[in-house]
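In the working numbering, each residue carries its 1-based index in the sequence shown increased by 1439. All residues carry an ideal CB built from backbone N, CA and C; glycine is no exception. I have placed the structure first, in the form of structure tokens, so that the comments after it can refer back to it.
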Amino acid sequence: MDPEFVPEGVDLERPNAARIYDWALGGTANWAVDREFGEQLVKAFPLIRTGARANRAFLGRAVRYCVENGVTQFLDLGSGVPTVGNVHEIADDVDTDSRCVYVDNEPVAVAHAKILLERGGDPARHAVIGGDLRDADDVWERAFDTGVLDPAKPVALLTVAVLHFVPGPELGGIIARYRTLLPAGSFYVLSHVTMSGVEGDELEQIQRVVKQYDQSSTPASFRDREELLGFFGDFELAEPGLVPVGAWRLDDPGSPTLNCVIGGVARKPAFRRGVTA
């Protein structure tokens, strides 16, 4: 990271989740405060980087699943700092006419996404906006105002490794609003930290991680599996359901799996009680 490149609004006094995740994946869009925090995370949870890579791999498999099942438009909420295996790159590998709008409220993530897309993106098919995912109507309107997404076609909405940084019981209502806005046939992709089904050392370690995040600009919170299932509403979950991200349609079932991050993909039904959704 060029020390001279500090986008307006960046807080360099406290570490930030998007930049820490970039560090965990081996990226360079982070500062010393983020790397120091990351090293402390490793002490609390030695498999933190393994978990980050497993989540990123889940994102890749989920994106490919969506494209292979006919949905080639993506709205990536809390997209984070661009790194290897971005959504539009994965989707383009399957369908060269795929489209993606990235959304984040972290200035570094937005600035780097703009640079990435200027260097290798297609402005007709790729865009990034700064925004707060909690304002669903504003984000939705601005995403479609880019001209990248076609409102007449299904969209894959992504909230991958972001909602555990959005506190409050009102989040369920916010996600429900997005589900309402999504056209019939759309997908919703979710991954989230949980303590449901987590035991022993892994439970103790993830509890220490969440406590440590309280010192950052982006505190983390748990949600149990039942609450996360509610985020899918009446969308139809694809097999194998809401499971540890390392177990979701994994090509290599022998790979290590952490239970503390779960994910799933669900589709909005085309019809409800005989009425178009």
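Residue state for Arg1488 is assigned as helix, using DSSP reduced to three classes.
Annotation for Ala1552: Pro1521, Tyr1541, Val1567 place their beta carbon closer than 6 Å to its own, counting only its chain and skipping 5 residues before and after. Nearest Cα to Gly1702 within the set Arg1662, Phe1497, Asp1543: Phe1497. Cβ-Cβ distances below 6 Å link Leu1620 to Trp1579 in the same chain, with the five nearest sequence neighbours on each side left out; the list follows chain order.
For Gly1490 against Leu1667, the beta-carbon gap comes to about 17 Å, at or over 8 Å, which does not count as contact.
Closest by C-alpha distance to Lys1592, out of Leu1464, Ala1575, Gln1512, is Gln1512. Residue Gly1669 holds the alpha-carbon nearest to the alpha-carbon of Gly1611 among Arg1706, Val1684, Gly1669, Gln1654.
When beta bridges are read from the DSSP output, Ser1630 appears opposite Val1599, Gly1702. The three-state secondary structure of Pro1708, taken from DSSP, is coil. Going by DSSP, Asp1584 is part of the alpha helix (DSSP H) stretching over 1575 to 1584. Look at Phe1604 here: in three-state DSSP terms it is helix. With 16 or more neighbouring CB atoms inside 10 Å of its own CB, Glu1545 falls in the buried class.
Ala1686 and Ala1705 do not touch by the CB rule: their CB atoms are close to 17 Å apart, not below 8 Å.
Leu1621 sits in coil when the DSSP states are folded into three classes, being neither helix nor strand. Taking C-beta atoms under 8 Å as the contact rule, Gln1479 and Gln1651 qualify, at a distance of about 6 Å. For Phe1604, same chain residues with a beta-carbon under 7 Å away, outside a window of 5 residues either side, are Ala1456, Thr1657, Ala1659 in chain order. The beta-carbon separation of Lys1707 and Arg1618, rounded to 7 Å, stays under the 8 Å limit for a contact. No Cβ-Cβ contact shorter than 9 Å links Cys1539 with Val1628. Under the three-state reduction of DSSP, Val1682 is assigned to strand.
For Gln1654, no alpha helix (DSSP H) encloses it, and the DSSP letter there is neither H nor E.
Residue environment analysis places Thr1467 among the exposed positions, since fewer than 16 neighbouring C-beta atoms fall within 10 angstroms of its C-beta. In this structure, Val1700 is the residue among Phe1583, Val1700, Ala1709 with its C-alpha nearest to the C-alpha of Val1601. When DSSP reads this structure, Phe1513 sits in a beta bridge with Cys1539, Ala1595. In this structure, Gly1569 sits near Asp1543, with a CB-CB distance shorter than 9 Å. Taking each of Gly1636, Val1547, Gly1680 in turn and checking the Cα distance to Arg1662, the smallest one comes out for Gly1636. DSSP, reduced to helix, strand and coil, places Glu1528 within a helical segment of the structure shown. In the three-state DSSP reduction, Glu1638 falls in the coil class, being neither helix nor strand.
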